[in-house]
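Heads up: the sequence shown at position 108 corresponds to 109 in the numbering used here, and the numbers run straight through without jumps.
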Amino acid sequence: MFEQFTPAPPDAILGLTEAFKKDPNPRKINLGVGVYKDEAGNTPVLRSVRKAEERILQAEKTKTYLPIEGSPAYTAATQTLLFGAEHEVVQSQRAATAQAPGGTGALRVAADLIHKLMPGTRVWLSNPTWPNHPGIFQAAGLPIGTYPYFDATTNGVAFDAMLGALAEIPSGDAVLLHVCCHNPTGVDLTREQWHAVADVVAERGLLPILDFAYQGFANGLAEDAVGLLELARPGAELLVANSYSKNFGLYAERAGALTVVAKDAQGAETMLSHVKQAIRANFSNPPVHGGAIVSTILNDPALRREWEDEVAEMRDRINAMRHLFVETLNEKGVQRDFSFIARQRGMFSFSGLTPEQVKALRDQYAIYIVGSGRISVAGMTSDSMDYLCAAIADVLGK
Ligand code: LMR
């Protein structure tokens with residue numbers, strides 16, 4: 002039966018890591034996948050995470066199943082982190098949260114939910130977007146579309162084009178928005194722009210799906226939620242898929258959540274019952290360990306402070322790398338203006354490097370970058386900067 006099939010292509014992002022691992026070049030650098038590196042080039046277990054794990058191991062008495070929607074301590078802490086404890090959405094209990102294996106798991110549950118309750122709904126994605134977005138929604142049987150987002154001439158958001166396109170989307174369709182640290186471009190909306198987007202979403206009756214994978218990596222934990230808060234207007238409905246892979250460094254633990262915001266508490270309860278069905282048919286119930294780490298930290302004031310400091314440390318280091326990268330490219334005599342990279346936020350920047358230049362960096366220097374030219378700034382270190390920028394200067398012909 003299987004002989005008729007030809008191999009599928011490697012994943013655009015995780016496939017690069019597979020190739021990187023096999024590369025014998027000792028100077029190799031992986032700027033493909035969005036994984037944070039410290040100055041020593043390691044992806045550390047956060048100090049707050051270690052402490053939480055020790056507590057969990059001491060206290061753990063069972064490995065029995067979690068409820069389908071996950072641990073109540075985790076889902077409540079997630080809502081508080083997303084909206085703030087006093088927010089109307091939390092206070093009125095019109096949000097229902099379910100634990101999911103990572104942001105990807107949460108997106109897939111959202112997709113299954115839409116497919117079941119509102120079949121045929123088109124999901125509109127930014128152009129460009131994370132390469133896994135189309136795959137997730139299509140795998141759930143949903144049609145996709147795109148709206149303009151990036152303006153290559155300014156290296157910023159093509160906001161007028163974006164807003165114009167959103168205003169043309171048929172009522173009832175879904176629109177996926179990156180809350181902060183847009184992946185792959187690194188360019189985000191301002192508060193005023195979010196406000197205008199929320200107006201269009203309300204006028205057209207669109208369903209926002211918010212992908213919130215990098216909370217804390219742009220400007221701060223609360224600051225990064227500005228788009229979410231603009232959209233969470235009284236009575237507004239939305240889906241939020243958030244991830245703790247990056248801000249807790251819990252990549253391999255697969256900790257995320259899907260939050261459904263309904264018109265009222267009863268609506269949230271109804272939606273949770275459908276979310277639970279989608280989860281049961283997908284992964285049955287969530288893994289416990291990553292979620293326990295997150296809720297232990299978020300529910301303990303001292304651990305939470307320590308974690309917030311660690312998030313700030315990661316954010317500051319990434320921003321320092323952005324500046325050092327631009328400076329070092331200048332030092333190497335690169336003519337092209339890369340100063341926009343210092344203004345962008347999050348793990349990624351769209352470098353504007355062509356597929357040929359990306360290939361040359363990989364073949365000649367063992368520097369791995371996604372084919373679209375997306376660079377993971379979070380993978381740069383001061384030690385590797387000289388080699389990296391000299392290589393880029395070379396492939397650009399300066
Ligand atoms: C990325 O975009 O590099 C990350 O979100 C990791 C992934 O799963 O692709």
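Every residue, glycine too, gets a C-beta built ideally from N, C-alpha and C.
These figures come from a predicted structure and were not determined experimentally.
DSSP, read as helix, strand or coil, puts S244 in strand. Collapsing the DSSP output to three states places H88 in coil. One residue after another in chain order, those with a Cβ under 5 angstroms from a heavy atom of ligand 1 are I14, V34, G35. Under the 10 Å beta carbon count, T355 is surrounded by fewer than 16 other beta carbons and is classified as exposed.
Cα atoms of S377 and D212: separation of roughly 18 angstroms, rounded to the nearest angstrom. In this structure, DSSP gives T260 an extended state, which the three-state scheme calls strand. The bridge partners DSSP lists for W125 are G146, V176. A direct Cα-to-Cα measurement between D225 and P209 gives close to 17 angstroms. Counting along the chain, A41 sits inside no alpha helix (DSSP H), nor does DSSP assign it H or E at all. The alpha carbon of G35 has as its nearest neighbour, out of S385, M381, E328, Q94, the alpha carbon of M381. Sorting S352, G142, G292, Y215 by C-alpha distance to the C-alpha of L178 places Y215 at the top. W131 has its alpha-carbon roughly 17 angstroms from the corresponding atom of Y245. Rounded to whole angstroms, the separation of the alpha carbons of H275 and I368 is 45 angstroms. Bridge partners of P171 according to DSSP: none are assigned.
For A96, the three-state secondary structure derived from DSSP is strand. Remark: fewer than three beta-carbon pairs, one from each stretch, lie closer than 8 angstroms, so the region 36-47 and the region 387-394 are not flagged as touching. For I294, the uninterrupted alpha helix (DSSP H) segment begins and ends at 290-299.
The Cβ-Cβ distance between H183 and L143 does not fall below 8 angstroms.
Pairwise C-beta distances place the region 285-299 in contact with the region 86-104, as three or more of them are shorter than 8 angstroms. Boundaries of the beta strand (DSSP E) harbouring D212: 208-213, taken from the DSSP string. When C-alpha distances from L240 are compared across F84, G42, I30, T63, the shortest belongs to F84. At a Cβ-Cβ threshold of 8 angstroms, N243 and G104 count as neighbours. Bridge pairing for D152: G157 [DSSP]. Segment contact: the region 86-96 against the region 261-273, three or more CB-CB distances shorter than 8 angstroms; contact assigned.
Of the residues assessed, A253 falls on the exposed side of the cut-off, its CB having fewer than 16 other CB atoms within 10 angstroms. Selection M119, S352, K399, M386 evaluated against G157 yields S352 as nearest (Cα-Cα). If you check the CB distance, I145 and R109 do not come in under 8 angstroms.
E193 is the residue among E193, A256, R255 whose C-alpha sits nearest the C-alpha of E231. Excluding residues up to 5 positions away in sequence, nothing lies with its Cβ nearer than 8 angstroms to the Cβ of D338 in the same chain.
Following the DSSP letters along the chain, one finds S377 inside the beta strand (DSSP E) bounded by residues 375-377. Sorting W308, F218, T297, S340 by C-alpha distance to the C-alpha of D317 places F218 at the top. For Q336, the CB contacts under 7 angstroms within the same chain, skipping 5 residues up- and downstream, are K399 in chain order.
If you look at S274, you'll find it in the alpha helix (DSSP H) that goes 266-283.
CA-to-CA, the gap between A86 and S383 works out to about 39 angstroms.
Listed in chain order, the beta strand (DSSP E) elements of length 3 or more contained wholly in the region 351-394 are 375-377.
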